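**Q** Quick one: this structure, given as structure tokens, is what I'll be asking you about.
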Amino acid sequence: SQTIHQWPATLVQPVGSPLSLECTVEGTSNPNLYWYRQAAGRGLQLLFYSVGIGQISSEVPQNLSASRPQDRQFILSSKKLLLSDSGFYLCAWSVQVGNTIYFGEGSWLTVV
Amino acid sequence: AQSVSQHNHHVILSEAASLELGCNYSYGGTVNLFWYVQYPGQHLQLLLKYFSGDPLVKGIKGFEAEFIKSKFSFNLRKPSVQWSDTAEYFCAAKLTGKLIFGQGTTLQVKP
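Structural data, given as structure tokens:
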């Protein structure tokens, strides 16, 4: 069966520090991968999605970036965090030709 | 721009009351529709989905949703809620390959 893991689960970082959230999927090949952010009162916002290694689409302008160095690995990064980057970040995957999306456990980021 | 809107941000109901959460999307083409639920302290999980066919879709735990194409709507319903239905509910639409979520509705059911 397929599983998705992301880490760390919680993170407290000072403003201006770097960020790296990692996500891996097991049990499937060539998945679509996604990073979402859930900010208080604003629902789920799609940040990035990837249909293959090295292929990243950005949905919103921001100081975050994403990379997919391997087929089942998706990384969310920032060189310098802002206070507004605080939120709950969710990695997710779906099969290429399917539609249901499956979520990871989420990562709470607090920028102080 | 393509978007998904949920009308109610916070709903408080008593047990056994009926529930209807509104969801509208802005896209005129083929769309796949979903409702996700996030119980306190748990992952987001799929409640139900609509791809094609019967516009009345039944999901887990007694939930159902009706797709009304003319109204661009996909409202979630449950005839009698339980305390365990307390959660956050997200409507989502797959539009041109991307899954777009609504703002979410927090449902609080009082025992």
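If you read the protein sequences in the order shown, they are chains A and B.
FYI, the numbering used here numbers position 31 of the first sequence as 172, with every residue one higher than the one before it.
FYI, the numbering used here numbers position 109 of the second sequence as 111, with every residue one higher than the one before it.
Note that CB positions come from ideal geometry on N, CA and C, so glycine has one too.
Quick caveat: nothing in here was measured; it's all calculated off a predicted structure.
Given 8 Å as the limit, is there contact between the segment 153 to 171 of chain A and the segment 218 to 233 of chain A, that is, 3 or more CB pairs closer than that?
**A** Because the criterion of three Cβ pairs below 8 Å is met, the segment 153 to 171 of chain A and the segment 218 to 233 of chain A touch.
**Q** Under 8 Å: do the segment 187 to 207 of chain A and the segment 4 to 14 of chain B share three or more Cβ pairs, one atom per stretch?
**A** Taking 8 Å as the limit for Cβ pairs, the verdict is that the segment 4 to 14 of chain B does not touch the segment 187 to 207 of chain A.
**Q** From which residue to which residue does the beta strand (DSSP E) around G195 (chain A) run?
**A** Here G195 (chain A) belongs to no beta strand (DSSP E), and DSSP marks it neither H nor E.
**Q** Beta carbon of Y75 (chain B), beta carbon of N26 (chain B): below 9 Å?
**A** A small correction: the amino acid at residue 75 (chain B) is Ser; Tyr does not occupy that position in the sequence shown. Contact flag set, yes.
**Q** State buried or exposed for S142 (chain A), treating a residue as buried only when at least 16 other CB atoms are found within 10 Å of its CB.
**A** By the neighbour-count rule (16 or more Cβ atoms within 10 Å), S142 (chain A) is not buried but exposed.
**Q** Starting from N173 (chain A), follow the beta strand (DSSP E) in both directions and report where the run begins and ends.
**A** N173 to Q179 is the extent of the beta strand (DSSP E) around N173 (chain A).
**Q** F167 (chain A) touches chain B at which residues, Cβ-Cβ below 9 Å?
**A** The amino acid occupying residue 167 (chain A) in the given sequence is Glu; Phe does not appear at that position. Under the 9 Å cutoff, chain B gives no residues; its nearest Cβ is about 16 Å from E167 (chain A).
**Q** Do L97 (chain B) and Y29 (chain B) have their CB atoms nearer than 9 Å?
**A** Contact: yes.
**Q** Helix, strand or coil for I62 (chain B), going by three-state DSSP, please let me know.
**A** Note: I62 (chain B) maps to helix in three-state DSSP.
**Q** Taking the alpha carbon of T88 (chain B) as the point to measure from, which residue in B:P81, B:K51, B:F36 and B:Y41 has its own alpha carbon closest?
**A** Nearest of B:P81, B:K51, B:F36 and B:Y41 to T88 (chain B), Cα basis: B:Y41.
**Q** Buried or exposed: which applies to N173 (chain A), given that a residue is buried once 16 or more other Cβ atoms fall within 10 Å of its Cβ?
**A** It counts as buried.
**Q** Does the segment 211 to 219 of chain A come within contact of the segment 160 to 167 of chain A, defined as at least 3 CB pairs closer than 8 Å?
**A** Yes: the two stretches touch, three or more of their Cβ pairs being nearer than 8 Å.
**Q** Closer than 8 Å by beta-carbon distance: list the chain B residues that pair up with F215 (chain A), in chain order.
**A** Simply none; closest approach about 15 Å.
**Q** Distance, Cα to Cα, S16 (chain B) vs L23 (chain B)?
**A** The alpha-carbon atoms of S16 (chain B) and L23 (chain B) are separated by roughly 15 Å.
**Q** What are the start and end residues of the beta strand (DSSP E) that includes P210 (chain A)?
**A** Per DSSP, P210 (chain A) belongs to the beta strand (DSSP E) from L205 to Q211.
**Q** Starting from the Cα of I165 (chain A), find the closest Cα among A:E200, A:S199, A:T251 and A:E246 and give me that residue.
**A** Checking the displayed sequence, the identity of residue 165 (chain A) turns out to be Thr instead of Ile. For the residues A:E200, A:S199, A:T251 and A:E246, the minimum Cα distance to T165 (chain A) belongs to A:E246.
**Q** Say whether chain A places a C-beta atom closer than 9 Å to the C-beta of L23 (chain B).
**A** L23 (chain B) does not count as touching chain A.
**Q** Tell me, which residues are paired with S146 (chain A) by DSSP?
**A** First, the residue type needs correcting, since residue 146 (chain A) is His and not Ser in the sequence shown. For H146 (chain A), which the question treats as bridged, DSSP gives the partners A:T165.
**Q** Express the C-alpha separation of V253 (chain A) and F53 (chain B) in angstroms, rounding to a whole number.
**A** Cα to Cα, the separation comes out at about 43 Å.
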